[in-house]
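Right, one structure below, let's go through it.
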Ligand SMILES: [Zn+2]
């Protein structure tokens, strides 16, 4: 079962990927996390990725594809995988079909307004790293439950920047959605529901109960 998950930051994609991993025994591969961990390795690739991340540049396609190919060859992927953060372009999607053909592309759809609300409500504790938000409200407003530190908003969670990120996300994702629609692999589920309901909808798609054009 080879799955690609699409969805906004704040769509609950990470949570759903973890639930899928547990239920179906498939690997959850977040390319963002993967690159952050590769950047810590003392290898030629590690140093290259580290300098790219630090300069704010994108990791080039050939490097990304190579890393994904190696990752998908690992034993935990034999039953399948969930890709999160890859592919980002049609070209990457084509390469992926050659490496490991995809069975389902699931788009967790959340209204822009919801994303804006969720992300702009996010506050974190600089000391312990706990993230608070609509789904996790601190006992005392503006203060961390564990260390009593005042909570702060991340610089890129300011509403103007979130709006910009949402626009970029749409522009980037549109060609991918069209690509997978042409291949008849695309389905969308409503992400504006509670976690359990979203998960049941996703499983329904995977088990062939609901197909969206
Ligand atoms: Zn704290």
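In my numbering, the protein residues as written are 989 to 1201.
Quick reminder that beta carbons are idealized off the backbone N, C-alpha and C, glycines included.
Across the structure, residue 1187 and residue 1001 are spaced so that their CA atoms are roughly 10 Å apart. Distance from the CA atom of residue 1052 to the CA atom of residue 1167, rounded to whole angstroms, is 19 Å. Setting aside the 5 residues that flank it on each side, residue 1100 is surrounded in the same chain by 1154, each with a C-beta closer than 6 Å to its C-beta; the list follows chain order.
In terms of Cβ geometry, residue 1094 and residue 1194 form a close pair [threshold 9 Å]. In the DSSP annotation of this structure, residue 1014 is not part of any alpha helix (DSSP H), being labelled neither H nor E.
Burial check for residue 1190: the Cβ neighbour count within 10 Å reaches 16 or more, so the residue is buried. Under the DSSP assignment, residue 1139 falls outside any beta strand (DSSP E); it carries neither an H nor an E label. Closest in alpha carbon position to residue 1072, among 1041, 1144, 992, is 992. Only buried fits residue 990, as 16 or more other CB atoms lie within 10 angstroms of its CB. 9 Å or more divides the Cβ of residue 1041 from the Cβ of residue 1054. In the structure shown, the three-state DSSP call for residue 1187 is helix.
Within the same chain, 1183 come within 7 Å of residue 1003 by CB-CB distance, once the 5 residues on both sides are set aside. Three or more Cβ pairs drawn from the stretch 1100-1113 and the stretch 1125-1142 lie within less than 8 Å of each other, which places the two stretches in contact.
In this structure, the straight-line span from the alpha carbon of residue 1037 to that of residue 1132 is close to 34 Å.
Around the C-beta of residue 1177, 16 or more other C-beta atoms lie within 10 Å, and the residue is accordingly described as buried.
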